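Chains as they are written, first to last, in the UniProt record's numbering: chain R, 1 to 134; chain S, 1 to 245.
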């Protein structure tokens with residue numbers, strides 16, 4: 001019943017933050033950030049087992065390991081960027097948060113480059129045999 | 001053929017399942033669009049596998065090398081953010097360099113000091129003072145030995161054995177002991193008025209022991225002033241010293 005712990009931590013943190021915010025907004029923000037960090041690390045441990053199972057399944061299904069690796073990297077980038085952006089958004093710095101998200105998107109796109117290059121190379125390699133005569 | 005088809009189908013299904021799962025895992029809508037692109041490319045690759053394999057045998061290998069190339073390249077393009085270990089290594093290098101510098105400097109200063117002190121208190125001129133540090137990694141080096149080379153020209157009345165007198169100049173009579181080669185000392189240069197008898201440098205490489213009193217004086221001095229144990233100190237002078245003046 002870990003969800004109860006998670007929700008409990010969240011509720012306690014919320015009450016504390018509400019109390020503190022009037023006097024010390026900075027402490028309130030720090031509290032929020034650390035609660036977020038704690039919950040994130042708490043859940044990351046669980047994700048590990050999910051990833052392990054995924055890897056096993058992919059091996060069995062014959063998915064090339066490079067696919068899975070890339071996909072997992074993408075998920076990781078997405079989560080971390082999202083998490084950081086949210087923490088910063090808590091502080092009210094929407095602009096910085098959106099820049100972090102932007103960086104995350106770019107990094108995900110970078111992941112796609114090798115795949116695209118392979119596809120394009122292959123397609124171009126296809127062309128001359130068909131288009132050479134024409 | 002059937003085998004190949006079933007493999008292919010299984011692959012497609014697996015990749016699509018994976019894609020769905022990834023979509024579920026992704027945190028927000030904004031990211032989903034980008035991730036979907038990559039996953040879509042994977043699905044495309046899987047669908048095209050037969051064509052690829054028909055045209056060029058080992059396309060998975062190719063994909064792998066492409067990934068590796070890319071990651072190597074992008075690794076080079078990355079901002080050269082030094083890692084913690086690199087910083088540590090650099091710091092170690094710097095501090096060891098600084099320690100060496102300090103050692104060098106303190107050695108120089110100490111050598112000059114010893115030379116000056118020896119001259120002041122015993123009147124013997126030193127030609128060269130050499131301090132040899134004990135090799136150790138800590139910051140405070142220990143003296144392993146001090147080699148003091150005395151200038152041959154010295155007035156030392158109480159050299160015990162084989163002493164002879166050479167006149168250095170018009171003013172100073174010089175006495176240097178030469179008990180390295182007593183025979184030659186006696187035969188070649190017995191009289192004080194023939195100072196240059198040993199100029200041929202027969203014993204140029206050798207070191208003659210210094211008179212016991214001076215030796216003891218220097219050792220005592222070093223121990224008193226710098227706390228260097230007497231047994232670490234070597235006092236010597238060139239053996240052909242006598243002949244030079």
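All residues carry an ideal CB built from backbone N, CA and C; glycine is no exception. Bear in mind that the values here come from a model prediction, so they are computed numbers and not experimental data.
Under the 7 Å criterion on CB atoms, residue 95 of chain S is classed as non-interfacial with respect to chain R.
When secondary structure is reduced to three states using DSSP, residue 98 of chain R falls in the helix class. By the C-beta criterion, the segment 106-121 of chain R is judged to be in contact with the segment 33-44 of chain S, since at least 3 inter-stretch pairs fall below 8 Å. Taking 7 Å as the cut-off, the Cβ atoms of residue 46 of chain S and residue 15 of chain S count as close. By the beta-carbon neighbour count (other beta carbons within 10 angstroms, threshold 16), residue 1 of chain R is exposed. Checking the DSSP bridge columns, you'll see residue 150 of chain S partnered with S:126. Not a single C-beta of chain R is nearer than 7 Å to the C-beta of residue 111 of chain S. The Cβ atoms of residue 121 of chain S and residue 132 of chain S do not sit closer than 7 Å to each other.
With fewer than three CB-CB distances shorter than 8 Å, the segment 47-60 of chain R does not count as touching the segment 1-18 of chain R.
If you check the CB distance, residue 143 of chain S and residue 234 of chain S do not come in under 7 Å. Per the coordinates, the alpha-carbon of residue 33 of chain R lies some 32 Å from the alpha-carbon of residue 18 of chain S. Rounded to whole angstroms, the separation of the alpha carbons of residue 8 of chain S and residue 105 of chain R is 31 Å.
Around the beta carbon of residue 78 of chain R, a 10 Å sphere encloses 16 or more other beta carbons of the protein chains shown; the residue is thus reported as buried. Residue-level contact by beta carbon holds for residue 82 of chain R and chain S, with a gap shorter than 7 Å. The C-beta of residue 95 of chain R comes no closer than 7 Å to any C-beta of chain S. Contact check for residue 97 of chain R against residue 29 of chain R fails: the beta carbons are separated by 7 Å or more.
Just measuring C-alpha positions, the residue of R:76, R:23, R:27 sitting nearest residue 43 of chain R is R:76. Against chain S, the beta carbon of residue 70 of chain R has neighbours under 8 Å at 38, 42, 67, listed in chain order.
Using a Cβ-Cβ cut-off of 7 Å, residue 55 of chain R is close to nothing in chain S; its nearest Cβ partner there is about 11 Å away.
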